[in-house]
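The next block holds one structure in the form of structure tokens; read it before the comments.
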Amino acid sequence: MAIRRRRRLPLSLVVGGALVLALVAISALAQWIAPYPYDQMHIRDRFLPPNLTYLAGTDEYGRDVFSRLLIGSQLSLALGGTATLISMGIGVPLGMLAGYRRGATDELIMRTLDVMLAFPPIMLVLLILAVTPPSLLKTAIAIGVLAVAPIARVTRSVTLDLMSGEFMEAARARGERLRYMLMRELLPNIWPVLIVEASLRVVFAVLLGAVLSFLGFGVQPPAADWGLMISNGRAFVDTAPWISLAPGIAMSVTVIAISLVGDGLREVLDPRIGGR
Amino acid sequence: MSGAAPSPPTDPLLEIRNLTIRYRDGGRQINAVSDVSFALKPGGSLAIVGESGSGKSSVAGAVLDFLGPGAEVSGAIRFEGQDIAGLSPAQRRRMLGRRIGAVFQDPFTALNPALRVGRQIAEPMVEHLGLALPEALGRAEIALREMGIERAAEVACAFPHQLSGGMKQRALIAAALACGPSLLILDEPTTALDVTVEAQILRLLSRLRRETGVSLLFISHNLGVVRRLCDDVAVMYASQLVELGDVRSVLERPAHPYSKGLLASRPPLAAASRGSRLAAIAGQMPTDPTPDAGCVFAPRCPFHELRCSNAPQLLTIAPDGHQVRCWKNGVLGPWPRQAVVDIEEPVFHRGDTLVNVTGLGKTFDKRARFTAWRLSVADGRPLLYRRPGRVPAVNDVTFSISPGEVLGLVGESGCGKSTLGRLLLQLLRQSHGSVEFDGADIARLPTQALAPFRRQAQIVFQNVGSSLNPRLSVGEALERPLALFNLVEPRERTRRVEALLEMVRLPGAYRKRFPHQLSGGERQRVAIARALATEPRFVVCDEPASALDVSVQATIVNLLADLRDAFALAYLFISHDLAVVAQLSDRIAVMYRGKICEIGTAAEVLAPPYHPYTEILLASAADDEPPAVPQGASTELAVGHPGCVFAARCPHHLGSICATKPPPLRVQSASHAIACHLDTAQLALSRLGA
Amino acid sequence: MAAYVVQRLGAAMVIMVAMSVLVFLATHALPSNAAALILGQYSTPETQAALEHRLGFDLPLPVQYWRWASHMLQGDMGQSFEMERPVAPILWDALGRSAILAVCSMIVVSTAGLALGVVAAVWRGRWPDHAASIFTYFGVSLPEFYWGLVLILIFGSTLHLLPSSGYANLAEGLGPFIAHLVLPVSTLTLTLLAHVTRLTRSSMMEALDSVYVKVARARGLPERLVILRHALRNALIPSITVLAQDFGFLIGGIVAVETVFAYPGLGRMLVGSLARQDLPMMQAAILVLTGVYCVANLTADLLYGVVNPRIRYGGSIG
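Residue numbers (the working numbering), protein chains in the order written: chain A, 333 to 608; chain B, 227 to 916; chain C, 15 to 332.
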């Protein structure tokens, strides 16, 4: 790795990073941390406001909202991570290929992506989800496929920028093969941008996943998905607002944490991309 | 200042006293300008000369209030008798618009792309002179015409992206002079322009000075340019003023070692023997100078003694009146010349060629399918037509290079020289023609079969910022060619990398460093080492020194010369700078718009008879004020016409033959040929202005 | 410029066709038995087969597509399985109501978002910038439906200021009409506002840092002129692209917001038809919404071509 000048890490990265690590840890250990199983009903304790026994109150079935929040974090993070991995796994190679090869390959790839981008984001996902029975994996795949186009675009434009650098020509003057050019010359220069982009995509996936479950197209009850919880709590927003508010706060904290990390990474990595 | 009386003529227009500027970078303070003082008299013209990092632009920035909040400025700046620091922001603004005009380096970014050019020129007039917009626009058009732009009305209505670089710069000068300022500050105004356009702009500035009496503060790194335009020159090095005086005496009898070195390292515009080397200044300018500790130039100075680094250097007066920051001035001799290397002049046999190019051509075809169609209205009816294809970038070029020979390729931007270089290496595939390397036609070979050729032919690029992969360390970058071609055992590679670094005069420890930790000159050396790692026989050098400071240029050119001799390398040395090309090349080819106009040995090309274009290049590159180049007979020739590519600009235009028939190759000697309709006798007489 | 326009029109048409194919294929991949749905309790294998034949489901796919597409172009969107009425009139009504939401939101978002972004860039590093940053951070960190619920909670349930659902026709008076619009539009606007503000801010900052702005200042032009005439004009050009992209998010937002507020628009109709597998309604709704987005993008592209001098006046003078 390069010998960097001593610079203090930006605050956003430190705070965000700490939060994200905490969230991931909590999520991983959710099964053990949660005071109650997520689907355990306490009929006599329904609609209780937050108190010491039920930290975020109980819902219409008497389930502990706090425990459901913790389990729900697993679903959200898993969704965000899987969708992003899928979209980057497909989008990055496509973008690199389009930017490197130009010509007919580039045209073909970009036109296809243009068609995908012509759909309003939610339409594409609904189209995919509506035709098959919903599940977490299908939702992740649908969101992942949706994000392929923007990621391919970003990758392609960064690739084009790098292609104008003479070190690529120098490599071709040596007669390097395609694989070497993409993996050893191009990719090491692309990944900083990609990491920042990935953090944005995770946020996007989490939010879109919440909308989908809210509308009923994501995971099904009695799963403890945050979007689903908000949807369930809609009917009781006058009398028991915490059922909907609590998952929203959890989502907000998660998204803000990941955004902070993304912003921090951008600050740290950006000056180095210029390479000056 | 008493009442409304004008200041007496002996008062300076601009007076800088003990100007010191410091920037904060991270936790440290950097001295950008240290204790600089000079004065500019009304109607005078002062140049501030220095390399990048010397602080010259910061001085202009201080006058124009450009420096931003991170800069600490101390010292006095007095303009027209008033202390600038004491002005209110509104007064300052008024002063800037009305009394001081500024022109910057890059005309491509200095014009607002979303506003019409005429508007941008008229704006200051509306603001400061209180003119109504229509009147101001009218004056803007007049100003453009005065700048030598013929179609002034069209240009005034145009957007910046529709104009060429030279036109943009003229528009910017017009805008700067719009309100009739008494001082015009120019920061490297011609650096981004071709040398012929540069000559025109300089002539324009000269004329403006004569006609309006405006004073000039001209900032540049180019000493030749300065000589043509300015009365006095101040030389800056590492934040300090090291010499200040009349331009003739400073340039002819420099007193400070740095000035001596700077002038000595410029290549003369003459053919050089194989063994000659440019005088160079070793080392590089400190990025964080500490003038209080001692002379900032001492580490690089061949005349330095212990006493130089003990105490800060003070300004003294040299025998002929100019100020010098060196206690040894007056007793110093000239800058030490580089020893001539004892080497035999090689003899090249015409038949023995390494690279043989025949009828090479390359046309870049934009995706001409859909976007080539244009819709226009003719006689009130819509007309759909197909735009003609583009002019070839390289057009039917033929030449050869013998083993160990250096062919210099000279031309301005857009002439196709870089494209030609890449075609030779098959980094671009030609549209037609053949390229033979060592007897084999590599133009016909498929990409996979090119591996053995690739080992023997390499390239060094111009752009030092991006020719090295920023993520690879120097060692990794140099090892790759060794590994790829299996030139050395894995165990031996580190040793070989260090040997390569030594060859380009860099310490072996540099292999751990990354490009952003190296200076421009060091990066270029690594790029050269990388090119030589495969032990090639032929190297294309595409403007290798153009992006570097003058003092560093000389070291790189010397290095290339040494390597050429050590390994019997053949070069195609591409540059827009005729002097640099002449220093290194055995033969020179002059290129214009894809065609080679003239080719011959360096001595033959630099002496008459000349191709008309060569003549203009030489005149523009010379130090003295060049004679006016008459405009070509006609500028309206259609793109891609079959005649001579230079017909539109040629001062010796013969008539319709130049536009309709391609010029024949007039052979002047066994090695010298000129492509021109003028016959040999006429060419021998050709002189500009005759 | 002419070439640009033709190119964009061509691209838009190709995309519409490709989209319609995708929509058709996707919806025809439904595993459910459409015929069984329609027939309900009367479905037997024979009646299903007969209905399928009548509906043309046994024809080869390209033929079915052709019939469907040509009907669509003539305005015939088929018959809703569920409601057993023609889709077209229902759809256009719903589209009209959604359009009101969309237009109001876009107006607010474009004006407020651009203004906020410019203010944040001009007062960079000072409190307006920080305030804008915090606002945008929260704006993008939660989905619309959540804000919708919060607004319902505050203004609907707690303060009883505004109705929390439904739609009031203009015929019923301007007051109720606007009252029913306030909360949905506010919800839609909040999230998009954050996005537009952010991007406008960065494009304005780029313009303010440019050389030509420095030059304008060096000519002594007053700061307000520099910001408004020099920087803003350049900063707005990329903003058009941003707004077009946001229109796509807006459509997604409308779907969620109409659900939260029980607003009888096209989004809510779409969700309903998806849940109930009402094929013709589904196809028509998706196609129309996507078509609207396509037109919006085309408009944005053309507008961009007009506003950006490089495209409007290509070519060069000497």
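Every residue, glycine too, gets a C-beta built ideally from N, C-alpha and C.
In this text, all values refer to a predicted model and were calculated from it rather than measured experimentally.
Within the stretch 485-513 of chain A, the residues whose Cβ lies closer than 9 Å to some Cβ of chain B are L494, S496, G497, E498, F499, M500, E501, A502, A503, R504, A505, R506, G507, E508, Y512, listed in chain order.
Here the alpha carbons of B:L732 and B:E724 stand approximately 9 Å from one another.
Taken through DSSP and simplified to helix, strand or coil, A:E392 comes out as coil.
In the structure shown, the three-state DSSP call for B:Q255 is strand. When only Cα atoms are considered, B:L694 and C:V31 end up about 46 Å apart. Linking B:R371 to B:A402 through their CA atoms gives a straight-line distance of about 15 Å. Rounded to whole angstroms, C:A129 and C:R212 show a C-alpha spacing of 11 Å.
Residues are counted here when their Cβ sits less than 8 Å from a Cβ of chain B; for the stretch 237-260 of chain C these are L239, R243, H244, R247, N248, I251, given in chain order. Per DSSP, B:Y484 lies in no beta strand (DSSP E) segment; the continuous alpha helix (DSSP H) that holds it begins and ends at 483-490. Between C:A310 and C:P252, the alpha-carbon positions lie close to 16 Å from each other. Chain C has no Cβ within less than 8 Å of the Cβ of B:F799.
Legend: CB atoms of the stretch 378-407 of chain A lying less than 9 Å from CB atoms of chain B are not found in any residue.
Relative to the Cα of B:S895, the nearest Cα in the group B:G547, B:E830, B:I782, B:L653 belongs to B:E830. Across the stretch 120-140 of chain C, no CB contact with chain B closer than 7 Å is found for any residue. Within chain A, A505 have C-beta atoms less than 7 Å from the C-beta of B:Q684, given in sequence order. B:A885 and B:L635 have their alpha carbons spaced roughly 25 Å apart.
Beta-bridge partners of B:L635 (DSSP): B:I800, B:A815. For the set A:L544, A:L380, A:V569, the Cα lying nearest the Cα of A:L560 is the one of A:L544.
Contact between the stretch 381-396 of chain A and the stretch 421-435 of chain A is absent, with fewer than three C-beta pairs closer than 8 Å.
Residue-level contact by beta carbon fails for C:G180 and chain B, as no gap is shorter than 8 Å.
For the stretch 678-745 of chain B, the continuous beta strand (DSSP E) assignments of 3+ residues that do not extend past its boundaries occur at 683-686, in sequence order. Under the Cβ distance rule, C:G262 counts among the residues neighbouring chain A, one pair being separated by less than 8 Å. Annotation: the continuous alpha helix (DSSP H) that includes B:Q779 extends over 776-793.
DSSP places B:P572 in the coil class of the three-state scheme, outside both helix and strand.
Rounded to the nearest whole angstrom, the C-alpha separation of A:T437 and B:R680 is 26 Å. Here B:I274 is bridged, per DSSP, to B:I445, B:A460. DSSP places A:V397 within a helical segment (H, G or I) once states are collapsed to three. Taken residue by residue, none of the stretch 761-774 of chain B has a beta-carbon sitting less than 8 Å from a beta-carbon on chain A.
In the DSSP assignment, the residues bridged to B:R892 are B:I900.
Contact between the stretch 652-659 of chain B and the stretch 435-442 of chain B is absent, with fewer than three C-beta pairs closer than 8 Å.
Under the DSSP assignment, B:R304 falls in the beta strand (DSSP E) whose first and last residues are 297-305. Here C:H144 is exposed. Its C-beta has fewer than 16 other C-beta atoms within 10 Å. Beta-bridge partners assigned by DSSP to B:G587: B:H658. Boundaries for C:N183: no beta strand (DSSP E) harbours it, and the DSSP string shows neither H nor E there. Listed by position along chain C, the residues whose Cβ is nearer than 9 Å to that of B:F292 are K228, R231, A232.
For A:S344, there are no neighbours in chain C by C-beta distance under 8 Å, as the nearest C-beta there is about 10 Å away.
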